[in-house]
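Q: Residue numbers (my numbering): 239 to 879.
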């Protein structure tokens, strides 16, 4: 009797849970860490990208509200703003209940308002929807990530167990569950964790293909690989995995020539991957459909591939510039991102595991060559083991991704995520090799590694319960009245510590650049009840000239003088000072430059990232470390100007 792949997968999970009582606790640990304070920043966003991943389906709803349920409305909605791939399916499905409630209660016009609000600014876009809608769409999207994270932990257990034994699977899965780089990414809605799950699934299917030579396993791996690439193009390493698996199968097959000549795999695998990748882009699929039978139907059908090509073109060029953050060599970003995602103990263990695996793989390759030259006896099997294949797979992923990132101008921890389980698998295997030679000493080292990694990730995870911006919003809501107003200078509402639903004064496109100077100093004309000063567009104006490209780009004439006068009691530097505001509360760790300190030395900046998990992230990840710093000022006098 043949069972479906889903049935076999469920049976395998049940068998593993029954055979290994520790697995249940490892998966529970992964779930607890991923779920801890999962609602942070709501109804705001954890990252800029989280907003755009979640809002895609609601933008389509806006076009449908405006133009009716037509092919054109779906096409326009799916290509509005930025084009993303399978996340529209993933997060669109979990947003459907909230969208349905809005429509059924007669409030569908808010989706139309959402489209027009982006023309004003990000604050108007954020406040176009009721707070409960953001809760009902962002939180379920994050929960989807949690499911994928726990699934990834299980898959690494399955890989380690299949490759060697359950002890290897337990150690590998436990270390992945304790990896800060995984935990932090489950606290936002994105594509990194789902892509990681798909990568590990392809890894496992590739191993199974090496064993069995099953066409079904190879093509299934190709399909999942295509989906992974649509999620995250850097998971194109799945093609490398399947290619290496193909060659390993040739080495293990009874008939080498038959195993090598399999056009249904050589041609069918890439074809399946391309088709699935294309279908994974709703915008490409919808724009392949002709909007009408009149006109040039073939030309309109080309709009679908064009959407995908434009996305690829954008991805190809976006990492060639530092985007005004920091100008550092690729190796600096690589070391810093790895150390932050793993912590230094796990990073050093990864270096040791990779080095040991290279030596082991070289020895086994040498043994294979000697067998082919007749040096080995007939009793020695020259066919590579599954463990050898897994080592080759993991090292290949690390090598290829390292080579790709060496050409980028900047990258962060989330870009390096696919390499983490590869390194962890090699660590687990290395400890098993050490256990054979050194026994108790190897087990003590493994315990020390687990404990130190748990402490590092535990500190980072507990930090979600006391995030400065969340605390600042809570303080404002507790102290402000029903009609309270607040002013802030962050460009994106995601960066700001302001309550949803309040009247928010902020610079606009008309008050950008040098026009902002006069607008800022006329704060008494607006007379907000509170002013929330964020790190990015307020405190950073006080940074020294050598702090970063970003502070230099964001700071205009008199910006620093205005912030100085808001906080000072004397020695005013702007014409309209003093201002009727006093510091009411501060939240988070103060940036060093506020106390006369200099920017961190680039080497210490890199090192400390693996000591303090909640350290500053450059670019668009979650705003950790000093990025979360907030000063709240309260109006204590009358506005006289």
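Glycine included, every Cβ here is placed at the ideal spot set by N, Cα and C.
Rank 273, 325, 656 and 685 by C-alpha distance to the C-alpha of residue 475 and give the top, closest one.
A: Here residue 475 refers to the residue found at position 237 when the chain shown is read from its first residue. Minimum Cα distance to residue 475 is reached at 656.
Q: So, helix, strand or coil for residue 849, using DSSP?
A: As a position in the chain shown, residue 849 is number 611, starting the count at 1. Three-state result, residue 849: coil.
Q: Hey, out of 325, 319, 271 and 296, whose CA is closest to residue 345's CA?
A: Here residue 345 refers to the residue found at position 107 of the chain shown. Checked all of 325, 319, 271 and 296; the closest Cα to residue 345 is 296.
Q: Measuring straight from C-alpha to C-alpha, what distance separates residue 850 and residue 582?
A: Taking the chain shown and counting its residues from 1, the one referred to as residue 850 is at position 612. Taking the chain shown and counting its residues from 1, the one referred to as residue 582 is at position 344. Straight-line Cα distance between these residues: approximately 10 angstroms.
Q: Tell me the rounded alpha-carbon separation between residue 342 and residue 720.
A: As a first step, residue 342 is located in the chain shown; it is residue number 104 there, counting from the start. As a first step, residue 720 is located in the chain shown; it is residue number 482 there, counting from the start. Roughly 29 angstroms separates the two Cα atoms.
Q: Between which two residues does the beta strand (DSSP E) containing residue 254 stretch?
A: As a working mapping, residue 254 is identified with position 16 in the chain shown. Unbroken run through residue 254 is the alpha helix (DSSP H), 243-257; no beta strand (DSSP E).
Q: Within a Cβ cutoff of 8 angstroms, which residues of the same chain sit near residue 531, ignoring the five residues on either side of it in sequence?
A: Along the chain shown, read from residue 1 onward, the residue named residue 531 stands at position 293. Low confidence applies here, because residue 531 scores a pLDDT of 49, under 50, leaving its location unreliable; read the following figure in that light. In the same chain as residue 531, and ignoring 5 residues on each side of it, no C-beta atom comes closer than 8 angstroms to its own.
Q: State the CB to CB distance for the pair residue 648 and residue 520, rounded to an integer number of angstroms; the pair is presumed to be in contact (CB under 8 angstroms).
A: Indexing the chain shown from 1 puts residue 648 at position 410. Indexing the chain shown from 1 puts residue 520 at position 282. Contact flag wrong, Cβ pair sits at about 30 angstroms.
Q: Since residue 872 is in the beta strand (DSSP E), which residue starts that stretch and which ends it?
A: Position 634 of the chain shown, counted from the first residue, corresponds to residue 872. Counting along the chain, the beta strand (DSSP E) containing residue 872 begins and ends at 868-873.
Q: CB residue 768 to CB residue 711, shorter than 8 angstroms?
A: Taking the first residue of the chain shown as position 1, residue 768 is located at position 530. Taking the first residue of the chain shown as position 1, residue 711 is located at position 473. Against a cut-off of 8 angstroms, the Cβ pair of residue 711 and residue 768 comes out as no contact.
Q: Are residue 437 and residue 406 close, meaning C-beta to C-beta below 8 angstroms?
A: By 1-based counting over the chain shown, the position of residue 437 is 199. By 1-based counting over the chain shown, the position of residue 406 is 168. No, the pair does not count as a contact, with Cβ atoms beyond the cut-off.
Q: Tell me the rounded alpha-carbon separation between residue 776 and residue 794.
A: For this step, residue 776 is matched to residue 538 along the chain shown. For this step, residue 794 is matched to residue 556 along the chain shown. Approximately 11 angstroms, taken between the alpha carbons.
Q: Could you tell me which residues DSSP pairs with residue 741 in its beta bridges?
A: Mapped onto the chain shown, residue 741 falls at position 503. Answer by DSSP bridge pairing, in chain order: 723.
Q: In terms of residues, what are the limits of the alpha helix (DSSP H) holding residue 311?
A: If you number the chain shown from 1, residue 311 lands on position 73. Per DSSP, residue 311 belongs to the alpha helix (DSSP H) from 309-317.
Q: Taking the C-alpha atoms as reference points, what is the distance between residue 507 and residue 845?
A: Numbered from 1 along the chain shown, position 269 holds the residue referred to as residue 507. Numbered from 1 along the chain shown, position 607 holds the residue referred to as residue 845. Each residue's Cα considered, the two are about 42 angstroms apart.
Q: Relative to the alpha-carbon of residue 575, which residue among 503, 293 and 847 has its alpha-carbon at the smallest distance?
A: Position 337 of the chain shown, counted from the start, is the residue given in the question as residue 575. With distances taken between Cα atoms, residue 575 lies closest to 847.
Q: When you measure from the CB of residue 439 to every non-hydrogen atom of the ligand SAM, does any distance come out below 7 angstroms?
A: Of ligands this structure carries none, so the ligand SAM is not represented either.
Q: Indicate whether the contact test is met: 3 or more Cβ pairs, each with one atom in the stretch 660-678 and one in the stretch 584-591, closer than 8 angstroms.
A: yes
Q: Quick one: what does DSSP say residue 824 is sitting in, helix, strand or coil?
A: Within the chain shown, the letter at position 586 stands for residue 824. When DSSP states are grouped into helix, strand and coil, residue 824 belongs to the strand group.
Q: Report buried or exposed for residue 370, applying the criterion of at least 16 other Cβ atoms within 10 angstroms of its Cβ.
A: Taking the first residue of the chain shown as 1, we reach residue 370 at position 132. It counts as exposed.
Q: Nearest to residue 353 by alpha carbon, out of 644, 318 and 372?
A: Taking the chain shown and counting its residues from 1, the one referred to as residue 353 is at position 115. Residue 353 has its Cα closest to that of 318, out of 644, 318 and 372.
Q: Looking only at DSSP bridge pairs, what is residue 771 linked to?
A: The sequence position of residue 771 within the chain shown is 533, counting from 1. DSSP links residue 771 through a beta bridge to 869.
Q: For the alpha helix (DSSP H) containing residue 673, name the first residue and the last one.
A: Position 435 of the chain shown holds residue 673. 657-676 is the span of the alpha helix (DSSP H), which, as asked, contains residue 673.
Q: Rounded C-beta distance between residue 374 and residue 366? I'm assuming under 8 angstroms.
A: Walking along the chain shown from the start, residue 374 turns up at place 136. Walking along the chain shown from the start, residue 366 turns up at place 128. Actually they do not touch by this definition, with Cβ atoms about 15 angstroms apart.
Q: Tell me the DSSP secondary structure of residue 856 in three-state form.
A: Residue 856 sits at position 618 when you count from the first residue of the chain shown. If DSSP states are grouped into helix, strand and coil, residue 856 belongs with coil.
Q: Have a look at residue 881 and residue 511 and give me their C-alpha separation to the nearest angstrom.
A: The question about residue 881 has no answer here: the residues shown for the chain are numbered 239 through 879.
Q: Out of 467, 422 and 490, point me to the one whose CA is closest to residue 448's CA.
A: Residue numbering aside, residue 448 sits at position 210 when the chain shown is read from its first letter. When each option's Cα is compared against that of residue 448, the closest is 490.
Q: Would you report the Cα separation of residue 818 and residue 861, rounded to the nearest angstrom?
A: On the chain shown, residue 818 is found 580 positions in, with the first residue counted as 1. On the chain shown, residue 861 is found 623 positions in, with the first residue counted as 1. Distance between the alpha carbons of residue 818 and residue 861 is about 30 angstroms.
Q: Using the Cα positions of residue 515 and residue 505, report the straight-line distance between them to the nearest angstrom.
A: Within the chain shown, residue 515 is the residue found at index 277, counting from 1. Within the chain shown, residue 505 is the residue found at index 267, counting from 1. Their backbone Cα atoms lie some 16 angstroms apart in a straight line.
Q: Count the other C-beta atoms from every protein chain shown that fall within 10 angstroms of the C-beta of residue 826, then say buried if there are 16 or more, exposed otherwise.
A: Within the chain shown, numbered from 1, the residue matching residue 826 stands at position 588. Counting C-beta atoms within 10 angstroms of its own C-beta, residue 826 has 16 or more neighbours from the protein chains shown and is therefore classed as buried.
Q: What is the rounded straight-line gap between the Cα of residue 771 and the Cα of residue 717?
A: Indexing the chain shown from 1 puts residue 771 at position 533. Indexing the chain shown from 1 puts residue 717 at position 479. Near 17 angstroms, if we compare the C-alpha coordinates of residue 717 and residue 771.
Q: Under 6 angstroms Cβ to Cβ from residue 432, same chain only, skipping five residues before and after it: list those, please.
A: Reading the chain shown from its first residue, position 194 is the one you call residue 432. Sequence-distant Cβ neighbours of residue 432 in its own chain, meaning closer than 6 angstroms and more than five residues away, are 386 and 469.
Q: Any chance the stretch 695-706 sits against the stretch 413-433, with 3 or more Cβ pairs inside 8 angstroms?
A: Taking 8 angstroms as the limit for Cβ pairs, the verdict is that the stretch 413-433 does touch the stretch 695-706.
Q: How would you call residue 426, buried or exposed, if buried means at least 16 neighbouring beta carbons within 10 angstroms?
A: Here the question's residue 426 lines up with position 188 in the chain shown. Result: buried.
Q: So, residue 859 versus residue 424, is the Cβ gap smaller than 8 angstroms?
A: The sequence position of residue 859 within the chain shown is 621, counting from 1. The sequence position of residue 424 within the chain shown is 186, counting from 1. No.
Q: Spatial neighbours of residue 464 within its chain, please: C-beta separation below 6 angstroms, excluding the five flanking residues on both sides.
A: Residue mapping note: residue 464 aligns to position 226 of the chain shown, counting from 1. Answer for residue 464: 511, 514 and 515, listed in chain order.
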